[in-house]
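Those protein sequence lines, which keep their order, are chains A and B.
Counted the way my numbering counts, the first sequence spans residues 3 to 114.
Counted the way my numbering counts, the second sequence spans residues 2 to 115.
Note that the Cβ used here is the ideal one computed from N, Cα and C, for glycine as well.
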Amino acid sequence: GENVEQHPSTLSVQEGDSAVIKCTYSDSASNYFPWYKQELGKGPQLIIDIRSNVGEKKDQRIAVTLNKTAKHFSLHITETQPEDSAVYFCAASRAAGNKLTFGGGTRVLVKP
Amino acid sequence: KAGVTQTPRYLIKTRGQQVTLSCSPISGHRSVSWYQQTPGQGLQFLFEYFSETQRNKGNFPGRFSGRQFSNSRSEMNVSTLELGDSALYLCASSPGTGSFYEQYFGPGTRLTVT
Chain A
3 GENVEQHPST
13 LSVQEGDSAV
23 IKCTYSDSAS
33 NYFPWYKQEL
43 GKGPQLIIDI
53 RSNVGEKKDQ
63 RIAVTLNKTA
73 KHFSLHITET
83 QPEDSAVYFC
93 AASRAAGNKL
103 TFGGGTRVLV
113 KP
Chain B
2 KAGVTQTPRY
12 LIKTRGQQVT
22 LSCSPISGHR
32 SVSWYQQTPG
42 QGLQFLFEYF
52 SETQRNKGNF
62 PGRFSGRQFS
72 NSRSEMNVST
82 LELGDSALYL
92 CASSPGTGSF
102 YEQYFGPGTR
112 LTVT
């Protein structure tokens, strides 16, 4: 089955700096890659996703890149703010199914 | 649109008991997926229901089961609870059709087994 690895497990950045989280996946048939943000006491919130026919996608301060050949994808957060502090999860799935396989999560702390 | 709702938000049960959790998806969504979140194992897929039929299943024992009703609301049941079943149970709602499925999560039900 699919296996998704996520690094780093914790990330501390100064407010205003950039944060980068990287994920690798094993199933070459995976072609949908969402990112979720989870705050304390809440469910995961979909923040951005990318599909296999796209190499990069941006939404304001957030961007995701995908390298299908190398089977890895990354989340980039620019100009970080204290409210970006949360746990971030990457995931992968095949288009044909609804099963998401998640990475282990990255705890991001933005220091003011 | 209202988001995904899950009830109850918190539950405390004793080993050997059974429990039923409920999920109401976003209006118009026909697919509901269930996930278990624990500190040790992370987020793991349990199963997915679409149009009242189980469409996908994860690697959990048969003590974990679910169903979906004609209004797309879903329930999951865990029988003969074990201490290791303590977790946050999340349901995710999606349209369920088309090439790619965006899943939207509810707040979860925190189950504690003592």
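Kindly list the residues whose CB is nearer than 7 Å to the CB of residue i, restricted to its own chain and excluding five residues on each side of it in sequence; keep chain order.
{"i": "P84 of chain A", "result": "E17, V112 and P114"}
{"i": "F51 of chain B", "result": "R31, S32 and G97"}
Return the Cβ separation of residue i and residue j in integer angstroms, given the expectation that the two are a contact with Cβ distance under 8 Å.
{"i": "F75 of chain A", "j": "V66 of chain A", "result": "6 Å"}
{"i": "Q37 of chain B", "j": "Y90 of chain B", "result": "6 Å"}
{"i": "A88 of chain B", "j": "S34 of chain B", "result": "Rounded, the Cβ-Cβ distance is 15 Å, inconsistent with contact."}
{"i": "F104 of chain A", "j": "G43 of chain B", "result": "6 Å"}
{"i": "R74 of chain B", "j": "S23 of chain B", "result": "7 Å"}
{"i": "L68 of chain A", "j": "V56 of chain A", "result": "7 Å"}
{"i": "L47 of chain B", "j": "F65 of chain B", "result": "6 Å"}
{"i": "S95 of chain B", "j": "N33 of chain A", "result": "That belief does not hold up - the Cβ atoms of S95 of chain B and N33 of chain A are roughly 16 Å apart, past 8 Å."}
{"i": "G67 of chain B", "j": "Q45 of chain B", "result": "G67 of chain B to Q45 of chain B, Cβ: 14 Å. No contact."}
Under 9 Å between beta-carbons, which chain B residues line up against residue i? List them in chain order, please.
{"i": "G107 of chain A", "result": "G43 and L44"}
Along chain A, which residues have their Cβ under 8 Å away from the Cβ of residue i?
{"i": "E103 of chain B", "result": "P36, L48 and D51"}
{"i": "G97 of chain B", "result": "N100"}
{"i": "S32 of chain B", "result": "N100"}
Rounded to whole angstroms, what's the CA-CA distance from residue i to residue j? Just pull it up for me.
{"i": "Y27 of chain A", "j": "Q8 of chain A", "result": "9 Å"}
{"i": "V15 of chain A", "j": "Q18 of chain B", "result": "45 Å"}
{"i": "K39 of chain A", "j": "A72 of chain A", "result": "24 Å"}
{"i": "P62 of chain B", "j": "T8 of chain B", "result": "23 Å"}
{"i": "P40 of chain B", "j": "T110 of chain B", "result": "15 Å"}
{"i": "Y11 of chain B", "j": "K60 of chain A", "result": "37 Å"}
{"i": "L102 of chain A", "j": "E49 of chain B", "result": "10 Å"}
{"i": "A21 of chain A", "j": "L112 of chain B", "result": "33 Å"}
{"i": "Q47 of chain A", "j": "V110 of chain A", "result": "15 Å"}
{"i": "Q62 of chain A", "j": "D86 of chain B", "result": "39 Å"}
{"i": "G107 of chain B", "j": "G99 of chain B", "result": "22 Å"}
{"i": "G107 of chain A", "j": "F91 of chain A", "result": "5 Å"}
{"i": "A94 of chain A", "j": "E81 of chain A", "result": "26 Å"}
{"i": "G4 of chain B", "j": "L77 of chain A", "result": "25 Å"}
{"i": "K70 of chain A", "j": "R16 of chain B", "result": "45 Å"}
So with CB distances below 7 Å, who are the chain A contacts of residue i?
{"i": "S71 of chain B", "result": "None at all; the shortest Cβ gap to chain A is about 19 Å."}
{"i": "E49 of chain B", "result": "N100 and K101"}
{"i": "G109 of chain B", "result": "G45"}
Show which residues of chain B have a CB atom less than 8 Å away from the CB atom of residue i.
{"i": "F75 of chain A", "result": "Those within 8 Å of F75 of chain A in chain B number zero; the least Cβ separation is about 15 Å."}
{"i": "L42 of chain A", "result": "None at all; the shortest Cβ gap to chain B is about 11 Å."}
DSSP on residue i, reduced to helix/strand/coil?
{"i": "G107 of chain B", "result": "coil"}
{"i": "G41 of chain B", "result": "coil"}
{"i": "L12 of chain B", "result": "strand"}
{"i": "E17 of chain A", "result": "coil"}
{"i": "D61 of chain A", "result": "strand"}
{"i": "G67 of chain B", "result": "strand"}
{"i": "L89 of chain B", "result": "strand"}
{"i": "D86 of chain A", "result": "helix"}
{"i": "L48 of chain A", "result": "strand"}
{"i": "L84 of chain B", "result": "helix"}
{"i": "R56 of chain B", "result": "strand"}
{"i": "L102 of chain A", "result": "coil"}
{"i": "Y34 of chain A", "result": "strand"}
{"i": "I23 of chain A", "result": "strand"}
Mind listing the chain A neighbours of residue i? Cutoff is C-beta to C-beta under 9 Å, in chain order.
{"i": "F106 of chain B", "result": "Y38, Q40, K44, G45, P46, Q47 and L48"}
{"i": "L91 of chain B", "result": "G45 and P46"}
{"i": "G29 of chain B", "result": "Ordered by position in chain A, no residue passes the 9 Å Cβ test against G29 of chain B, which lies about 16 Å from the chain."}
Please return the same chain residues whose Cβ sits closer than 8 Å to the Cβ of residue i, not counting the five positions on each side in sequence.
{"i": "A31 of chain A", "result": "R96"}
With a threshold of 6 Å on Cβ separation, who are the neighbours of residue i within its own chain once the five nearest residues in sequence on each side are excluded?
{"i": "K14 of chain B", "result": "V20, L82 and V114"}
{"i": "S25 of chain B", "result": "T6 and R74"}
{"i": "I52 of chain A", "result": "F35, K59, V66 and L68"}
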